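Participant: This is the structure, below, for whatever I ask next.
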Amino acid sequence: MDTSRILILFTSKDGNTAQMAELVEEGAASVPDTEVRRLRTSDASIDDLYWADGVACGSPTNLGILSWEMKRWWDVVALDAWAKIDGKIGCAFSSEGGLGGGAELACQSMMTVMQNFGMLTFGVTDYVSKGYTLHYGATAARAPRDERDRESCRRLGRRLAEFVGCYVHGRRDLHPNNAAYPRFP
Ligand SMILES: Cc1cc2nc3c(=O)[nH]c(=O)nc-3n(C[C@H](O)[C@H](O)[C@H](O)COP(=O)(O)O)c2cc1C
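Residue 91 in this note's numbering is what sits at position 73 of the sequence shown, and the numbering runs on without skipping anything.
What follows is the structure, encoded as C-alpha cells:
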C-alpha cells in the first residue's frame, strides 16, 4: 500500500493557527497509511513540498488575506517548484480575530496561490454541527476552542488524506461519496 504524504504548512504569530494545524494533523492521521509533516514556514523547505502528495496550508487572517510569511514562503522558498507540482492536492485553514473577520477570504487567498502552482484545491460540504461548516476551508475565531471548530480542522485534514488516497494512490474506497465509506463516524 502506498503511503499518502501530507504536508501541513502553517504560520502562526500567537498560536491559534498552530492549534488548528495540530487538529488538521489529527484528522489526516486518522486515515490509514498516511504520513504527516506539520511544519511552520520557517522550518519547511521546497523538498517538503516535493515530498507531499497533499498540502494543508494554514495562516492567521491578516488584513483579510494570508500572512506575509505564508505569501513569502510561496514567493521565495517554493518558487522553483512552479510548474513542477501540478496536480498535488491542496486545502486551507485560517484563524481570524472574530467571526466575519475574513478567514474564508484568507483561505481563498491561499487556495489561489496553490492553484497558481497548478494544484487542485477543494472545500468540504460536510456540516460538522448544526449550521456550521467548512465550505472554503476550516476557520476559527481565535483559538479552536469549540468542539465544532476542532472538528472542522479534523474534517479538513481527514478529507485531504482521503482525496490523496483516492486520487493519488487509487484508493477508491476512501472517496467520501462511496456509500460504503463511513463519512460521519
Ligand atoms: C497584521 C494583522 C492583521 C490582522 N488582520 C485581521 C483581519 O483582517 N481580520 C481578522 O479577523 N483578524 C485579523 N487579525 C487578527 C488575527 O487573525 C487573529 O488574532 C488570529 O487568531 C491570529 O492567529 P495566530 O494566533 O495563529 O497568529 C490580524 C492580526 C494581525 C497581527
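Where is the CB? At the ideal position from N, CA and C, for every residue including glycine.
None of the values given here were measured: they were computed from a predicted structure.
1. Give me the Cα-Cα distance between Trp92 and Pro78, rounded to the nearest whole angstrom.
2. Out of Cys75, Glu169, Phe135 and Ala74, which has the shortest C-alpha to C-alpha gap to Lys148?
3. Around the C-beta of Lys102, are 16 or more other C-beta atoms found within 10 angstroms, so that it is buried, or is it exposed?
4. Look up Ala161 in the DSSP assignment and say whether it is helix, strand or coil.
5. Three or more C-beta pairs closer than 8 Å, one from the stretch 153 to 164 and one from the stretch 104 to 124: is that the case here?
6. Can you tell me whether Gly149 is helix, strand or coil according to DSSP?
7. Mind checking who Leu25 pairs with in its DSSP beta bridge?
8. What number of angstroms, rounded off, separates the C-alpha of Gly82 from the C-alpha of Val95?
9. Find the nearest neighbour of Thr21 within the set Phe111, Trp69, Leu123 and Asp144, judged by alpha-carbon distance.
10. So is Glu43 buried or exposed if we call it buried at 16+ other beta carbons inside 10 Å?
11. Which same chain residues end up closer than 6 Å to Ala62 when comparing Cβ atoms and leaving out the 5 residues on each side of it in sequence?
12. Examine ligand 1 and report whether any of its heavy atoms sits within less than 7 Å of the Cβ of Asp167.
Facilitator: In this structure, then:
1. Their Cα atoms are separated by approximately 16 Å.
2. Taking only the C-alpha atoms, the option nearest Lys148 is Glu169.
3. The residue is exposed, with fewer than 16 neighbouring Cβ atoms inside 10 Å.
4. Here Ala161 sits in coil by DSSP.
5. Yes, since at least three Cβ pairs between the stretch 153 to 164 and the stretch 104 to 124 fall closer than 8 Å, the two stretches touch.
6. DSSP, reduced to helix, strand and coil, places Gly149 outside both helices and strands of the structure shown, so it counts as coil.
7. Partner(s): Arg55 and Val73.
8. Their backbone Cα atoms lie some 23 Å apart in a straight line.
9. For the residues Phe111, Trp69, Leu123 and Asp144, the minimum Cα distance to Thr21 belongs to Trp69.
10. A residue is called buried when at least 16 other Cβ atoms come within 10 angstroms of its Cβ; Glu43 meets this threshold and is buried.
11. Closer than 6 Å at the Cβ level, and outside the excluded window around Ala62, lie Leu27.
12. No, the beta carbon of Asp167 sits no closer than 7 Å to any heavy atom of ligand 1.
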